[in-house]
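Enquirer: Dumping the structure here so I can ask a few things about it.
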Amino acid sequence: MIEISPPDKRALARWFPMHSPGPATIGEHVLATGIGRWWADRPVQPSTVAVSCAGHVVLRGSPEELTPELLAPLAGNRVEAPARFLPALGAAFDRLTPWERMLWTLQAAPQPATVPHAVTVRRLEPADTDAVHALGPDASWLSASWGGPRGLATSGHAWAAVGRTGRIQAVACTYFRGTGYEDVAVHTVLDHRRHHLALACVTALCADITSRGHTPNWNCSLYNRASRLLAWNAGFRLVREYVHYAVGSPVSHHRLSA
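So in this note's numbering, the last one in the sequence shown is 318, and the numbering has no gaps at all.
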């Protein structure tokens, strides 16, 4: 795939449905924020288009003309694509691991979440950049879709449970912002779990999202029981299941030539 300029909204709608929950919001997020990359099999009248952000790729179009060399730039990502792309992806990478996913949307009132008196649940601000960075490598994925800690802190799309010292104990954010749906992500510091902090942050974030006229959606692994329970308690209900694929390294030139 070759990197291309961002498409206009009309072209985007042709490849990725607008106002839809789930992976489709990635294209809208990248178009709105400029954080991510666009790919195609050729620069003019492509038959395949992909968008990538924060280790996620959505691939659409026709796979007939795809070769392992063309797909190689997508290595190391989690790829969501129709089943017709699987033979091409399997030939291009040394590993193709399916991850079963669950997609939820907000449909019910959340369970009550009481937090300790020393904790304030509020929107993150630019001054919280260092506190986001202090969450460490385990939470680095959370800010990746906003370009890093400063991007997340200044996005206006993150709510955190903050202690008196300014340390973030839990944070929920819009991970991918679409025009109709916003994908919710959450992280709780290990020694502050089981105190309803994540639920409080998600509840505040969802109220913020709905005030914008958007619908919160939740995306998690089929086997992530903790995430599923949190989603349910926050008022999310299952819409559908799907599969995305973790792809490994490009196949070697020797294998391609064999």
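Just so it is clear, CB atoms sit at the ideal spot from N, CA and C, and this is done for glycine as well.
Can you check which of these residues, D190, S107 and Q171, is closest to M61 by C-alpha distance?
Expert: Ranked by Cα distance from M61, the options D190, S107 and Q171 are led by S107.
Enquirer: Would you be able to state if there are at least three C-beta pairs under 8 Å between the segment 134–147 and the segment 259–271?
Expert: no
Enquirer: Closest to L289 by CA distance: which of A110, W164, G150 and A84 is it?
Expert: W164
Enquirer: Compare the beta carbon distance of Y241 and T275 with 8 Å and say whether it is the shorter of the two.
Expert: yes
Enquirer: DSSP three-state label for P276, please.
Expert: strand
Enquirer: Given a cut-off of 8 Å, decide if L184 and H247 are closer than it, judged by their beta-carbon atoms.
Expert: no
Enquirer: Would you call the segment 215–229 and the segment 114–123 touching, i.e. three or more CB-CB distances under 8 Å?
Expert: With the cut-off at 8 Å, the segment 215–229 and the segment 114–123 do not touch.
Enquirer: Considering only C-alpha positions, which residue in the set P197, A291 and E301 is nearest to A232?
Expert: A291
Enquirer: Leaving aside the five residues before and after D154 along the sequence, list all residues of the same chain whose C-beta is less than 7 Å from its C-beta, in chain order.
Expert: G308, S309 and V311
Enquirer: Can you tell which of A199, A168, D188 and E124 has its C-alpha closest to the C-alpha of V222?
Expert: D188
Enquirer: For F76, name the three-state secondary structure that DSSP assigns.
Expert: coil
Enquirer: Buried or exposed for G82, please, with buried defined as at least 16 other CB atoms from any protein chain shown within 10 angstroms of its CB.
Expert: buried
Enquirer: Touch check for the segment 168–184 and the segment 142–158: three-plus C-beta pairs under 8 Å?
Expert: no
Enquirer: Exposed or buried, which one is A173 when buried takes at least 16 other CB atoms within 10 Å?
Expert: buried
Enquirer: How should C273 be labelled, buried or exposed, when 16 other C-beta atoms within 10 angstroms of its C-beta is the threshold for buried?
Expert: Going by the sequence as given, residue 273 is Gly instead of Cys. It is exposed - the Cβ of G273 has fewer than 16 other Cβ atoms within 10 Å.
Enquirer: Taking the alpha-carbon of P331 as reference, which of L166, Q171, E129 and A110 has the nearest alpha-carbon?
Expert: Here the chain comprises residues numbered 61 to 318, so residue 331 is not present and cannot be evaluated.
Enquirer: Assuming the contact rule is C-beta atoms closer than 8 Å, R161 and S287 should be a hit. Round their C-beta distance to whole Å, please.
Expert: Rounded, the Cβ-Cβ distance is 11 Å, inconsistent with contact.
Enquirer: Should T234 be labelled buried (16 or more other beta-carbon atoms within 10 Å of its own) or exposed?
Expert: buried
Enquirer: Please report the straight-line C-alpha distance between R102 and R237, rounded to a whole angstrom.
Expert: 27 Å
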